[in-house]
Amino acid sequence: MRLSLRRISSLARIVVLDGLRRHALIGLVLLALACETGGLFFFGFIPRDIGRASSDFILTVGWLAGFIFLFFHAVHVTAWDEEKRVLHTLLARPLSRGEYVLGTFSGLGVLLLLLNMLLGGIGWLILHLIQRMVGSNFFAYFSHGYYVLSLVGILAIQFMILAVIILFSGLVRGSFTVLLLALSYYFISSGLPVVRESLATQESASFLPQLLQGLSAVFPNFGRLDFKPWVVQVASTPEWFHVALNFLFSILYCGIILGLACAVYHRRDLK
Amino acid sequence: MLARGLFALTLCVFGLVFAVQEKIAGHAEPYLAPAMPTQIQRVALGYMQQLGAEMLFVRAAVFLGGLPAGVAPESYAATLAQNFDVMTELYPRFVDPYYLAQSSLPHISPEYAAQANTILARGMKAVPEHLILPFFAGFNYFHYMEQPQKAAEVFFEMAQRPEAPTWLGHLAAVLAAQGGNLYGGRLTLEAMLASEEDEIVRERYQRSLEAFDKAIVVFEATSQFEKDHGYPPDSLGLLVPNYLQNIPDLGTDFEMVWEPPTLRLVRSKK
């Protein structure tokens, strides 16, 4: 077990170091920082609800940076590209396929964590600066707890998508195919709650609502991990039990998807 | 050499085309595009839907700010209302669109005032602590849609809240009377009088109650007239002397307006 963990952490370290030296990722971080700084200009367009608009802007930029990281860098790293032969090189070492999956997920997860911590920290400073500039009339309330919770929520969403990307990388070859599948997964997950809501207002005797409910276990509702509205709002905060339940769901979801990915990689013929 | 010349020529033509484009754009009328339906935006934007709503707001605000003088509001009102509808549906807790909708829609026509109220209703549900939103809705009912009774209902509901200003109940009563609901207005005033401690305000409520009581006497006389004759009187003068000794004087605060079969109590213009 200890040796296995050591191999996983070694691979994770390789993935992290590889990511840190990539100019594309450095560029992404710089772009995201520039966009967050743009929040100092964006709030000038908002006459009243400056606090809400600014916090939405900062958190959305952080989420978008993670989104780009996932769909371009993570897909590129995990996809089973014949030309790269990275997978074959790694598995030539005494590293099991399951350890490869967990090591890659851990490494990319650490990169996501570093990205979100950096952008979250800079975003926090910018929001405080905006709050001091506009005063309490336009930015009355800022919850540090819900700001951190929002960042953790973003991270949880990104981990779930990352796990699915790794699963798709085991199922199909080619980074572009994995990218398309991952995007489809994301849009289905975003669209399913909308469809369920519209069906809830109609009376239907068919099995469709139950089917969609079942599909929501596979294509989760990422909106349940969106805590942006409460960063600047005092009233009607979510119940802590529901929050904990949603995070527990995301942890279990990642565990199940990674378990499936390990099984897929174990059975897949590399040639 | 030829390639360089060709590149330089392309660059020159590009600059010329750009200059002409900018000149045309400078004369073009501002245009606000309809927003994509809410459901599509929620799917496409996902986690970004709140920022999407805020971007729609910025676009609408920039459009309104850039309108040249003399542009008929009817030319853009429908698209503007649709944009407000989408952005408030995407992000009901964001209050700025409600303010902008209130400042740009109701004055156009009663239909757009009704649309503004539909948009405001969403805000009243999402951010109930923002008392200004039901105030806007009540004002629209009263001023733009000429429905004082509906305005009274909105203000009366607002007056029940602990943080509401004290004059709201009185306003609700006055508007109820203006809409013809004398009994409802009187009940509201009685409740206001019972809970008021300020003597000057109590005196004011008492004066209003006296006016309401006199108006109710007149209204009951019209009801009796209708019961006897089968139709309401054409004017209040017909009630004298069989149903009333005289038409009561309501003082300087109110006057009666008889629009058969409704008796309204309106603020006096004296």
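Protein chains in written order, with the numbering used here: chain G, 3 to 273; chain D, 64 to 333.
Note that CB positions come from ideal geometry on N, CA and C, so glycine has one too.
- Query: Using the C-alpha atoms, what's the distance from residue 148 of chain D back to residue 166 of chain D?
  - Reply: 15 Å
- Task: With distances taken Cα to Cα, identify the nearest neighbour of residue 157 of chain G among G:135, G:184 and G:121.
- Result: Of the candidates G:135, G:184 and G:121, the one whose C-alpha sits nearest the C-alpha of residue 157 of chain G is G:121.
- What residues are listed by DSSP as bridge partners for residue 226 of chain D? Residue 226 of chain D pairs with nothing; no bridge assigned.
- Specify, as a first and last residue, the run of the alpha helix (DSSP H) that residue 101 of chain D falls within. 101-108 is the span of the alpha helix (DSSP H), which, as asked, contains residue 101 of chain D.
- Neighbouring residues, chain G, relative to residue 159 of chain D (Cβ below 8 Å): 48, 49, 50, 51 and 55
- Query: Are the region 67-82 of chain D and the region 113-125 of chain D in contact at 8 Å, needing three or more beta carbon pairs?
  - Reply: no
- Nearest to residue 146 of chain D (by Cα), restricted to the options D:275, D:160 and D:137: D:160
- What's the gap between the Cα of residue 212 of chain D and the Cα of residue 206 of chain D? 12 Å
- Query: In whole angstroms, what is the alpha-carbon distance linking residue 323 of chain D and residue 279 of chain D?
  - Reply: 15 Å
- Task: Report yes or no: is there a C-beta of chain D within less than 8 Å of the C-beta of residue 235 of chain G?
- Result: yes
- Query: Whose CA, out of G:49, G:40, G:38 and G:98, lies closest to the CA of residue 270 of chain G?
  - Reply: The alpha carbon of residue 270 of chain G has as its nearest neighbour, out of G:49, G:40, G:38 and G:98, the alpha carbon of G:98.
- Query: What three-state label does DSSP hand residue 317 of chain D in the structure shown?
  - Reply: Residue 317 of chain D: strand per DSSP, three-state reduction.
- Query: Is it the case that the Cβ atoms of residue 153 of chain D and residue 186 of chain D are separated by a distance below 8 Å?
  - Reply: No, these two residues do not count as a Cβ contact at 8 Å.
- Query: Got a sec, what are the start and stop residues for the beta strand (DSSP E) residue 203 of chain G sits in?
  - Reply: Where residue 203 of chain G is concerned, there is no enclosing beta strand (DSSP E), given that its DSSP letter is neither H nor E.
- Item | residue 192 of chain G to residue 110 of chain D span [Cα, whole Å] | 8 Å
- Task: For the region 22-33 of chain G and the region 124-132 of chain G, state whether three or more C-beta atom pairs, one from each stretch, are separated by less than 8 Å.
- Result: no
- Message: According to DSSP, is residue 322 of chain D part of a helix, a strand, or is it coil?
- Response: strand
- Using a Cβ-Cβ cut-off of 8 Å, state whether residue 20 of chain G counts as contacting chain D. no
- Interface partners of residue 193 of chain G on chain D, CB under 7 Å: 106
- Message: Once DSSP output is grouped into helix, strand and coil, what is the label at residue 190 of chain D?
- Response: Note: residue 190 of chain D maps to coil in three-state DSSP.
- Exposed or buried, residue 248 of chain D, counting other C-beta atoms within 10 Å across all chains shown (16 or more means buried)? buried
- Query: Rounded to a whole number of angstroms, what is the C-alpha to C-alpha distance between residue 69 of chain D and residue 82 of chain D?
  - Reply: 20 Å
- Item | With 16 other Cβ atoms within 10 Å as the buried cut-off, status of residue 7 of chain G | exposed
- Cross-strand partners of residue 226 of chain G (DSSP beta bridge): DSSP output for residue 226 of chain G lists no bridge partner at all.
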